[in-house]
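Residue numbers (my numbering), protein chains in the order written: chain R, 1 to 294; chain U, 1001 to 1095.
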């Protein structure tokens, strides 16, 4: 190790698995016992993993779109870091799905070769971010909700899900800290920043009720102790946001939830118009050059 | 609209194996708390640190390169100031 560069001297010996580039992108669950617990329906478990994984994958893609567009270099890196953390959660969950449903599909198969109606993410995750105020609004809501879910998922009857949740909780705690800090700065900042922050919240609020409406799969699995019924996370979500809103002098929007199509919302594969464009960007290279490597 | 710049901060990180904080770089932030957040995001992404200090660059008093000789040259030829004339026992750590 050279001490010519103080920064190099500080860094741990490089463990390639931590890097986003230059790895072989091996199976993230290699070496983990991924057998399905007895009494649990494998296809239900897979569907649930895809729901949580798609939330992270799709929202991560939206965050990645901020690269080169963030207002400050420091925040650009912060937003990219959050996107990378969520992508890591998505990889584990998608890989878990392939073991649970017995098809043996890998994370790439799910991410790049499914159609829109097969994605089970909540619609909040796919919304376009108009400006920085809306980014902070949607980030605050998304990570506060996801943190409350994963905290409960740590006691899942599926040990793999419990471990994935435990890893995610540490990451999401920081994400929530970051988002809340910016919400207070903007909300309690200038008249203009307050207006943009409030407008961001108002714009995404119709998609909040959906976060707490359990899909049939979630209801069945939460009865078996595997999944979290999202309705149980509402009280914590409301308490955390009320605290932030008070500090930020923001008003909790009262707009009702946006209805789905034929009773189905994101969890059931019914998405907003924005989803098709997002997937086109996410999947075009993998579909144009299947099996390509570099 | 003219854009005013956030103040510059210097960042010090203590690594897992390190005993002291080491200067790793600088960043811009609106205040101390944001500087700490930004330092975490910019300088500890690869598992480097267990502790971060940030300090406004304007608050650092530094020696001037012009004073290099009067400041430092006189100590160059005083070899007796270096405790190198005895052996350090093996069980004394961090020397």
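Glycine included, each C-beta is placed from N, C-alpha and C at the ideal position.
Run through chain R and tell me which residues come within less than 7 Å of residue i, C-beta to C-beta.
i	result
residue 1036 of chain U	Residues of chain R passing the Cβ test: none, with the nearest at roughly 10 Å.
residue 1029 of chain U	74
residue 1042 of chain U	74, 77
residue 1045 of chain U	81
Just to confirm the assignment, what range does the alpha helix (DSSP H) spanning residue i have?
i	result
residue 96 of chain R	73 to 100
residue 1071 of chain U	1068 to 1072
residue 196 of chain R	191 to 204
residue 219 of chain R	216 to 223
residue 59 of chain R	42 to 64
residue 246 of chain R	234 to 248
residue 1037 of chain U	1032 to 1043
residue 284 of chain R	273 to 288
residue 109 of chain R	107 to 112
Considering just the uninterrupted stretch of the beta strand (DSSP E) at residue i, what are its terminal residues?
i	result
residue 1053 of chain U	1049 to 1056
residue 1026 of chain U	1022 to 1028
residue 29 of chain R	Residue 29 of chain R -> no beta strand (DSSP E), and no H or E assigned at all.
residue 1015 of chain U	1008 to 1015
If distances are taken between C-alpha atoms only, which option among the options comes closest to residue i?
i	options	result
residue 267 of chain R	R:41, R:47, R:38, R:236	R:47
residue 259 of chain R	R:71, R:124, R:118	R:124
residue 41 of chain R	R:64, R:99, R:55, R:70	R:99
residue 247 of chain R	R:63, R:52, R:186	R:186
residue 59 of chain R	R:122, R:225, R:108, R:28	R:122
residue 161 of chain R	R:52, R:279, R:273	R:52
residue 170 of chain R	R:184, R:157, R:188, R:146	R:146
residue 262 of chain R	R:254, R:44, R:256, R:271	R:271
residue 213 of chain R	R:269, R:234, R:221	R:234
residue 152 of chain R	R:232, R:112, R:137	R:232
residue 1055 of chain U	U:1093, U:1021, U:1048, U:1082	U:1021
residue 84 of chain R	R:66, R:72, R:71, R:97	R:66
residue 238 of chain R	R:90, R:54, R:148	R:148
residue 1024 of chain U	U:1015, U:1031, U:1030, U:1034	U:1015
residue 1042 of chain U	R:256, R:73, R:102	R:73
residue 101 of chain R	R:280, R:114, R:43	R:43
residue 244 of chain R	R:127, R:81, R:136, R:54	R:136
residue 32 of chain R	R:81, R:163, R:154	R:163
residue 86 of chain R	R:156, R:55, R:188	R:55
residue 1044 of chain U	U:1026, U:1032, U:1031, U:1085	U:1026
residue 114 of chain R	R:282, R:293, R:292	R:282
residue 150 of chain R	R:49, R:291, R:269	R:49
residue 220 of chain R	R:39, R:79, R:97	R:39
residue 1005 of chain U	U:1028, U:1091, U:1034	U:1028
residue 45 of chain R	R:216, R:28, R:291, R:264	R:216
residue 34 of chain R	R:223, R:92, R:167	R:92
Closer than 8 Å by beta-carbon distance: list the chain U residues that pair up with residue i, in chain order.
i	result
residue 64 of chain R	The premise fails here: residue 64 of chain R is roughly 15 Å from chain U at the closest Cβ pair, so nothing lies under 8 Å.
Find the residues of chain U that neighbour residue i, judging by a C-beta separation of less than 7 Å, and give them in chain order.
i	result
residue 178 of chain R	1037
List, in chain order, every chain U residue whose beta-carbon is nearer than 9 Å to that of residue i.
i	result
residue 181 of chain R	1033, 1034, 1037
**Prompt:** Does the pairing of the segment 135 to 143 of chain R with the segment 186 to 202 of chain R give three or more beta-carbon distances under 8 Å?
**Reply:** Enough Cβ pairs lie closer than 8 Å, so yes.
**Asked** Which parts of the segment 116 to 181 of chain R are runs of the alpha helix (DSSP H), unbroken and 4 residues or longer, counting only runs that do not cross its ends?
**Response** Listed in chain order, the complete alpha helix (DSSP H) runs (minimum 4 residues) inside the segment 116 to 181 of chain R are 132 to 153.
**Prompt:** Using 8 Å as the Cβ pair cut-off and three pairs as the minimum, do the segment 217 to 233 of chain R and the segment 170 to 182 of chain R touch?
**Reply:** No contact exists between the segment 217 to 233 of chain R and the segment 170 to 182 of chain R.
**Prompt:** Would you call the segment 202 to 219 of chain R and the segment 106 to 118 of chain R touching, i.e. three or more CB-CB distances under 8 Å?
**Reply:** No: fewer than three Cβ pairs fall under 8 Å.
**Prompt:** Is there contact here, the segment 179 to 196 of chain R with the segment 242 to 256 of chain R, by at least three beta-carbon pairs under 8 Å?
**Reply:** The answer is yes - the segment 242 to 256 of chain R touches the segment 179 to 196 of chain R, with three or more Cβ pairs under 8 Å.
**Message:** I'd like to know if the segment 1059 to 1069 of chain U and the segment 1037 to 1044 of chain U are in contact, where contact means that at least 3 CB-CB pairs between them fall below 8 Å.
**Reply:** The answer is no - the segment 1037 to 1044 of chain U does not touch the segment 1059 to 1069 of chain U, with fewer than three Cβ pairs under 8 Å.
**Request:** Report yes or no: do three or more beta-carbon pairs, one from the segment 1044 to 1054 of chain U and one from the segment 1001 to 1016 of chain U, lie closer than 8 Å?
**Result:** Yes, they touch.
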